[in-house]
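S.K.: Pasting a structure here, questions to come.
Put into structure tokens, the structure is as follows:
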């Protein structure tokens with residue numbers, strides 16, 4: 081049944097060398113081009129990145145239609161160029177791990193793994209529960225009733 | 283309880299298989315503690331502990347005045363958890379789309395400009 085996916089996992093393969101993809105994830109000049117989802121901008125001047133453990137990772141997403149702002153403050157936990165980035169959002173307890181895999185042939189797989197539960201809640205029992213994939217569980221729950 | 287704390291607590295509550303089974307049962311209708319306990323080889327105090335966790339994060343409510351205090355699933359709390367996950371998935375999907383385009387753009391520019399921005 082469930083694969084090894086814990087919590088929320090998003091994976092995508094990009095046609096670019098790993099070093100370049102990694103730079104895109106930590107350099108404001110790149111982040112400003114893609115960080116906001118559709119219809120949302122992330123102005124260059126709102127992006128602060130200090131890519132080292134304990135350094136800040138701050139962004140402000142701005143809705144193009146109505147100007148509403150979504151500031152997100154995070155702190156880097158781990159920065160291992162060019163393969164691994166971990167940051168945590170103190171306000172929400174969300175920890176995001178980005179793993180970059182060199183597929184050869186100038187292609188890179190990016191895997192985003194998010195743990196959205198503060199560590200103090202994560203008993204071994206709870207972790208085992210999450211391995212059944214919270215993502216799939218949500219789809220199931222949405223169908224109930 | 284703040285909205286974010288409540289959401290965290292909701293995910294923590296749903297991380298447990300027994301509590302998920304209880305939520306699934308309650309999705310079919312209200313149930314008493316005894317009814318909820320029936321499928322599990324667990325003592326009533328054990329069951330009560332799980333119910334307390336579900337109650338604290340707002341996923342279920344219990345009638346205060348009835349003798350058997352049936353448990354009721356609060357769909358809004360469940361919806362907010364499901365909504366958070368769906369919104370999060372949308373953000374990353376669209377972010378990846380944009381990153382894909384951005385990588386194509388800068389790589390086609392790089393070829394004409396050379397390696398001068400590689401520090």
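Protein chains in written order, with my numbering: chain A, 81 to 225; chain B, 283 to 401. For each residue, glycine too, the CB sits at the ideal point set by N, CA and C.
1) Residues of chain A with CB closer than 7 Å to the CB of residue 389 of chain B, please, in chain order.
2) Just to confirm the assignment: which complete alpha helix (DSSP H) runs, minimum length 4, are found wholly within the segment 90-136 of chain A?
3) Looking only at its own chain, which residues have a Cβ that is under 8 Å from the Cβ of residue 318 of chain B, when we skip the five neighbours before and after it?
4) On the DSSP bridge list, what partners appear for residue 88 of chain A?
5) Would you report the Cα separation of residue 381 of chain B and residue 363 of chain B, rounded to the nearest angstrom?
6) Between residue 118 of chain A and chain B, is any beta-carbon pair separated by less than 8 Å?
7) Who does residue 167 of chain A pair with in a DSSP beta bridge?
8) List, in chain order, every chain A residue whose beta-carbon is nearer than 7 Å to that of residue 288 of chain B.
9) Between residue 92 of chain A and chain B, is there a C-beta pair that is closer than 8 Å?
10) CA-CA distance, residue 340 of chain B and residue 292 of chain B?
11) Going by beta carbon distance, what residues of the same chain come within less than 8 Å of residue 345 of chain B, once the five residues before and after it are set aside?
12) Using a beta-carbon distance below 8 Å, is residue 351 of chain B in contact with chain A?
13) Taking residue 136 of chain A as the reference, which of A:104, A:178, A:192, A:167 has the closest Cα?
14) Under 8 Å between beta-carbons, which chain B residues line up against residue 88 of chain A? List them in chain order, please.
15) Establish whether the CB of residue 376 of chain B and some CB of chain A are separated by less than 8 Å.
16) Below 8 Å CB to CB, which residues in the same chain sit around residue 116 of chain A once its five sequence neighbours on both sides are set aside?
17) Looking at the C-beta of residue 312 of chain B, does it have a partner C-beta in chain A at a distance below 8 Å?
18) Using the three-state DSSP reduction, which class does residue 372 of chain B fall into: helix, strand or coil?
19) Which residues in the same chain have their Cβ closer than 7 Å to the Cβ of residue 162 of chain A, if we skip the five residues on either side of it in sequence?
20) Using a Cβ-Cβ cut-off of 8 Å, state whether residue 318 of chain B counts as contacting chain A.
21) What residue from B:385, B:373, B:301 has the CA that sits closest to residue 120 of chain A's CA?
22) Residues of chain B with a CB under 8 Å from the CB of residue 100 of chain A: which are they?
23) Is it buried or exposed, residue 290 of chain B, if we count other Cβ atoms within 10 angstroms and call 16 or more buried?
24) If you count every other CB in all the chains shown that lies within 10 Å of the CB of residue 298 of chain B, and 16 or more means buried, which is it?
25) Pick out the complete beta strand (DSSP E) segments inside the segment 309-379 of chain B, 3 residues or longer, and give them in chain order.
26) Just how far apart, CA to CA, sit residue 200 of chain A and residue 391 of chain B?
27) If we count the other Cβ atoms within 10 Å of its Cβ and call it buried at 16 or more, is residue 326 of chain B buried or exposed?
M.R.: On the basis of the coordinates in this document:
1) Within chain A, the residues near residue 389 of chain B are 96.
2) Runs found: 98-106, 108-114.
3) 304, 307, 308, 329, 333, 353
4) A:194
5) 27 Å
6) yes
7) Bridge partners of residue 167 of chain A: A:156, A:176.
8) Within chain A, no residue comes near residue 288 of chain B; the closest Cβ sits about 12 Å away, beyond 7 Å.
9) Chain B has a Cβ within less than 8 Å of the Cβ of residue 92 of chain A.
10) 8 Å
11) 351, 352, 354
12) no
13) A:167
14) 367, 370, 371
15) yes
16) 122, 141, 142.
17) no
18) The DSSP-derived three-state label of residue 372 of chain B is helix.
19) 98, 99, 102, 180
20) no
21) B:373
22) 385, 388, 389
23) Flag for residue 290 of chain B reads buried.
24) buried
25) Correct list: 342-344, 353-355.
26) A caution first: residue 200 of chain A carries a pLDDT of 40, below 50, which makes its placement in the model unreliable, though a value can still be read off. Inter-residue distance for residue 200 of chain A and residue 391 of chain B is about 47 Å (C-alpha atoms, whole angstroms).
27) exposed
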